[in-house]
Structure formats: C-alpha cells, structure tokens
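According to my numbering, the stretch in the sequence shown is residues 2 to 120, in order.
C-beta atoms are modelled at their ideal positions from N, C-alpha and C, and glycine is treated no differently.
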Amino acid sequence: MRIINRRPILRMRLVVVVLASTVFFSSPSFFAADTLPSQLSDDVFWRMVSDFSEGSGSFRFEFMSNEREFQSVIPDLVATTKPGGVYLGVGPEQNFTYIAATQPKMAFITDILDLQGNL
2 MRIINRRPIL
12 RMRLVVVVLA
22 STVFFSSPSF
32 FAADTLPSQL
42 SDDVFWRMVS
52 DFSEGSGSFR
62 FEFMSNEREF
72 QSVIPDLVAT
82 TKPGGVYLGV
92 GPEQNFTYIA
102 ATQPKMAFIT
112 DILDLQGNL
C-alpha cells in the first residue's frame with residue numbers, strides 16, 4: 002500500500018486560491034470609482050501635494066526612461082480600463098501618452114525628485 006503525501010497537494014491548492022484571489026481583487030474593473038469630484042479646490046489640491054510629498058532633501062540618482070517600446074502596452078491598457086477612472090503614474094516620461102489613451106477623469110503623476118522646484 003502506497004502512502005500519499007498530501008502536503009504538496011494542499012500547498013498547490015493554497016497557491017491557486019491565493020493567485021485567484023489576487024487576480025480577482027486587483028482587477029481594475031472591480032474598483033471603478035463612481036464618486037469622483039468634477040474638480041479639486043486649490044486648498045484640497047495643495048493639501049494633497051503637501052501630504053503626499055516627502056520633505057526637502059537630496060536624491061543621489063535621477064532615473065530617466067530610455068525605453069522606446071513603452072507605447073506597446075497601450076492596447077492592453079485601453080482593453081482593461083474604462084474611461085473616466087483615475088490614473089496613477091510615476092515619472093514624467095510616458096504618463097501623458099498613457100493618460101491620453103486611457104482618458105481618465107483624474108490623473109496623479111508622482112515623481113521621485115523635483116529638481117526644477119515645480120512643487
């Protein structure tokens with residue numbers, strides 16, 4: 002009589018459940034916002050900028066993208082998002098192209114370093 006070790010089977014089931022949950026709960030279409038304001042007041046905007054920003058200081062490196070193929074993801078972005086949502090981006094390079102393609106109601110672009118003093 003062979004003894005079956007059930008631990009690998011249980012581990013595999015756990016992995017499948019975790020992966021399925023991750024895909025289900027991270028899908029952009031499940032979290033569409035219905036109550037976005039039509040605009041932000043100056044006070045609210047500057048409070049957000051101040052609250053979200055780190056304090057002044059230096060940053061050792063400034064990374065800039067040199068990717069030529071960043072537009073290759075646009076068909077997938079358009080297929081998996083609905084216009085009128087919120088766009089969250091990091092860095093200045095490709096975000097304006099992505100914003101134009103996805104047509105969000107509101108967009109936030111964060112950056113690691115602000116050498117130009119824009120904020």
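Please report how far the alpha carbon of residue i lies from the alpha carbon of residue j, in whole angstroms.
i, j, result
"Q104", "F71", "17 Å"
"M49", "G92", "18 Å"
"P9", "V19", "15 Å"
"S51", "L15", "42 Å"
Since residue i and residue j are thought to touch, with beta carbons under 8 Å apart, how far apart are those beta carbons, to the nearest angstrom?
i, j, result
"K106", "G86", "7 Å"
"I75", "N96", "With a Cβ gap of about 12 Å, I75 and N96 do not count as contacting."
Is residue i buried or exposed, if buried means 16 or more other CB atoms sit within 10 Å of its CB?
i, result
"N6", "exposed"
Figure out for me which residue from the options has the closest Cα to the Cα of residue i.
i, options, result
"F73", "S22, I110, A102, P9", "The sequence shown places Ser at residue 73, rather than the Phe named in the question. Considering only alpha carbons, the answer is A102."
Quick one: what's got a C-beta closer than 6 Å to residue i's C-beta in the same chain, skipping five residues either side?
i, result
"A108", "Y88, I100"
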